[in-house]
Amino acid sequence: MKKWLLALGLSGALVLAGCNGDTEEGTDADTENQTEDTTENQENDEQKVKKELLSAQMALTNTFKPYQQKISAYQSAVSAEEPDAEAIQTAAEEAKTAANEASSMVDDYTIEADLPEDVMTKFEETLPSLQAYYEGVEKALNENMENADFTAAEEKFTEFNDQFNEILKEAGFPATPNLMEEMS
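Taking the UniProt record's numbering as reference, the numbering of the sequence shown is continuous, increasing by one, and the terminal residue is 184.
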């Protein structure tokens, strides 16, 4: 009888130890599943941010493209092999008006994207550089319509482009655009 009790006690101890191990394994499996879910949610959030950033970039370039095209047309007229004074004058007037309108447009520009607050703040912080670019273009054209010097304005655009590209890099984009080319 003692042998049976001893055997039954050992069996019970083994069963309890086995069940206890199953509980710990289940906890590990639950933790692993939670980690996978968290990782999956983070990846989904990152993809959502990337999608929203691309959408915001498209909206920005589409908004300012008509203005930038007029400025680019002026630059092309000035750098033509045989510049036409009348064409330069017309293009300069259009570029000056476009720069003025674009500068005002930046004031009223709102970013229509569902981005995290920190990303939205960084995006909004790029806009003063874009506005300074258009103000610089207008100032350069006011000073000399026949051959405006856009050096200071272009520095502001480079600053804007660099700030915007930094946002994209932080979001995990492998390559960043040249927004001047996209808007021209």
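From the three backbone atoms N, C-alpha and C, an ideal C-beta is built for every residue, glycine too.
Contacts around residue i, its chain only, beta-carbon distance under 8 Å, and the 5 residues preceding and following it disregarded
i	result
GLU94	LYS70, ALA73, TYR74
GLU124	ILE111
ASP84	ALA77
THR97	LYS70
Local conformation of residue i per DSSP, three classes
i	result
ASP107	helix
ASN147	coil
THR176	coil
residue 208	In the structure as shown, the chain begins at 1 and stops at 184. Residue 208 is therefore absent and cannot be evaluated.
ALA91	helix
ALA99	helix
ASP118	helix
ALA85	helix
Proximal residues to residue i (C-beta, below 7 Å), its chain only, five neighbours per side dropped
i	result
LEU179	THR61, ASN161, PHE164
VAL49	LEU115, PRO116, VAL119, ALA171
GLN68	MET183, SER184
MET145	GLN89, ALA92
LYS65	MET183
PRO174	none
Residue i versus residue j: straight-line alpha-carbon distance, rounded
i	j	result
ASP149	GLY172	36 Å
THR126	ALA113	15 Å
GLU159	SER129	6 Å
ASP45	ALA80	48 Å
LEU54	THR121	16 Å
GLN47	LEU168	12 Å
GLN57	GLU82	36 Å
LEU147	THR176	For the sequence presented, residue 147 should be read as Asn rather than Leu. Each residue's Cα considered, the two are about 31 Å apart.
ASN142	GLU154	16 Å
LYS156	LYS51	27 Å
ALA140	GLU181	21 Å
TYR109	GLU166	20 Å
Neighbourhood of residue i by C-beta, 6 Å cutoff - its chain only, sequence neighbours within 5 removed
i	result
SER103	GLN131, TYR134, GLU135
ALA152	GLY136
ASN106	Residue identity check: residue 106 is Val in the sequence provided, not Asn. Here the set comprises LEU127, LEU130, GLN131.
ASN100	GLU138
The ligand NAD heavy atom lying under 7 Å from the CB of residue i
i	result
ASP107	Absence of the ligand NAD is noted for the structure shown, with no ligands found whatsoever.
Legend entry - Cβ pair count under 8 Å reaching 3, the segment 51 to 61 against the segment 77 to 95: No, the segment 51 to 61 is not in contact with the segment 77 to 95.
Inset, instruction - Would you list, in sequence order, the uninterrupted beta strand (DSSP E) runs of no fewer than 3 residues that lie entirely inside the segment 41 to 80? - result: Restricting attention to beta strand (DSSP E) runs no shorter than 3 residues, the segment 41 to 80 encloses none.
Legend entry - Runs of alpha helix (DSSP H) lying entirely within the segment 121 to 169, each at least 4 residues, in chain order: Within the segment 121 to 169, no complete alpha helix (DSSP H) run reaches 4 residues.
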